[in-house]
Amino acid sequence: MEYWKRIPDQEAVREGAMLAYAALRRHVQERPKETCVGLTLAAAGIFFWKYGSDIRHRYFAWVNNRFNDLKHKEYEDFKRKVFSCLMDLTSHDPKLKEEKTLRILEIGAGVGANFDFYPNNTRLIVADPNPYFEKYFYENKAKFPNIKIETIIVAKGEEIDMVKSNSVDVVVTTLVLCSVTDIPKVISQIKRVLVPGGKYIFVEHVKDWNRKDHRLRRFVQSLLTVTGFWPFFFDGCHLNRNPLPDIDAVGFSNVSSKQDYAPMPAWWMMVAQPHMRGVATK
Ligand SMILES: C[S@@+](CC[C@H](N)C(=O)[O-])C[C@H]1O[C@@H](n2cnc3c(N)ncnc32)[C@H](O)[C@@H]1O
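Numbering (my numbering), first residue to last: 113 to 394.
Here's what the structure looks like:
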C-alpha cells in the first residue's frame, strides 16, 4: 500500500493496466486456440524450469542403463586394454594386500558399466551426483557378488573431500570428464585420494584431433555442443573437450595415454568416436 501511494501518477497506471487487461481479453476472445497453446507452453516451461533437471537425471539414468544392457563387445574390448594394468597391482593396505585385492574409487560410475574389469573382491567406492543411478547400479552389481561396495557417495567428482587423501589404490573415470563442471578440480581430487604409486585409469571421448581429415566431425562436435543440444539430451556431456592437458598438468609422476577411434555401436554415436585412454601414476 505504501508503495502504491508513492507512485506519482496513479491514474495513468490504473488506465494502463485496464488497457492491457482489455487487450488481453480481446486476444483471448479472438484467438482462443492460440491462447490455449501459449498458456500450455508457458505452463510446460515453468514445470520444466522447476523440475527439468530432475526429469533429465531420471531419463539419463534410464537411457544409460539401456545402453549398458547392450554391451557392445568391441567397445568393451577397447576399454579392457587399459584395465589390464589392474592385474599387476598390489594394494597399499596390508589387509587388502594379503587378500590380493584393491581399493578402487570410480567417479561417475553411473549404472556400473565397469564391474567386468575389476578383480575379485575389489573394494569399490563410488561417487556420482545423479541419485537415480543407484537403483540400476545395484541391479547390475547383483551379477558381481565378489565386488564389495564400501561406500556410495552421491556427489560430484569435484566435491569428494570426504574421501581421505592417499587412501585408494586406483581411481577410474570412463566417459565422465566430458560432463564434469570443473576438470582440473576433479583431476586434482583424483591425485589427492590416490596413494603414492596409485593409478588413475581413464577412458574418455574427446574432440577429434584430426583437423585435416575429420573437419566435418569436428564441426558437428562443436555445433552439437555449443548449441546446447547434446549437453541437454546427454546430461551435460560435451563433445568438444580434451582433458589430457589437465591430466598432464596436475603433476602425476607418469602419464601414459593414447588417442584412438573407438568402435561404436551405432552410426549416430560416431560423433563420440575419438577417444583417449590411458593410465596416470601418482
Ligand atoms: C556418460 S555417463 C558414464 C557412466 C559410466 N562411467 C560409463 O562408462 O558408462 C557420465 C556419468 O558421469 C556422471 N557425472 C556427471 N557430472 C559429474 C561430476 N561432476 N562428477 C562426477 N560424475 C559426474 C553422470 O552422473 C554419469 O553417471
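Using N, Cα and C, we set each Cβ at its ideal position, and we do this for glycine too.
Everything numeric in this text was worked out from a predicted model, so none of it was measured.
DSSP places residue 301 outside any beta strand (DSSP E); the residue lies instead in the alpha helix (DSSP H), whose first and last residues are 295-305.
In this structure, the CA atom of residue 228 is about 36 Å from the CA atom of residue 339. When DSSP states are grouped into helix, strand and coil, residue 260 belongs to the strand group. Look at residue 352 here: in three-state DSSP terms it is coil, with no helix or strand label.
At a cut-off of 7 Å, the beta-carbon of residue 287 counts as near ligand 1: some heavy atom of the ligand is closer than that. Annotation for residue 337: the continuous alpha helix (DSSP H) segment containing it runs 327-338.
In the DSSP annotation of this structure, the continuous segment of the beta strand (DSSP E) that includes residue 236 starts and ends at 235-239. Residue 318 holds the alpha-carbon nearest to the alpha-carbon of residue 333 among 318, 344, 325, 346. Residue side-chain check: residue 270 places its Cβ nearer than 7 Å to a non-hydrogen atom of ligand 1. By the criterion of a C-beta distance shorter than 8 Å, residue 347 is surrounded in its chain by 168, 169, 172, 242, 291, once the five residues flanking it on both sides are discounted.
Here residue 388 is buried. Its C-beta has 16 or more other C-beta atoms within 10 Å. The alpha carbon of residue 390 has as its nearest neighbour, out of 331, 186, 336, 285, the alpha carbon of 285. Counting every other CB atom within 10 Å of its CB across the protein chains shown gives residue 293 a total below 16, marking it as exposed.
Between residue 305 and residue 275, the gap from beta carbon to beta carbon is short of 8 Å. Residue 249 has its CB no nearer than 7 Å to any heavy atom of ligand 1. Per DSSP, residue 381 has no beta bridge partner at all. In the displayed model, residue 243 falls within a helix according to three-state DSSP. In the DSSP assignment, residue 189 falls within the unbroken alpha helix (DSSP H) covering 185-195.
Contact between residue 316 and residue 289 is confirmed by a C-beta separation of about 5 Å, below the 8 Å threshold. Residue burial annotation: residue 236 is buried, with at least 16 other C-beta atoms found within 10 angstroms of its C-beta. Only residues of its own chain outside the window of five on either side were considered, and among them 337, 349, 350 have a CB closer than 7 Å to the CB of residue 343, listed in chain order.
By the C-beta density criterion, residue 301 is buried, having at least 16 other C-beta atoms within 10 angstroms. Of the residues 205, 375, 180, 186, the one whose Cα lies closest to the Cα of residue 225 is 180. In the same chain as residue 194, and ignoring 5 residues on each side of it, the C-beta atoms closer than 7 Å to its own belong to 313, 315, 389, 390, 391, in chain order. Annotation: residue 322 to residue 374 spans about 14 Å, alpha carbon to alpha carbon.
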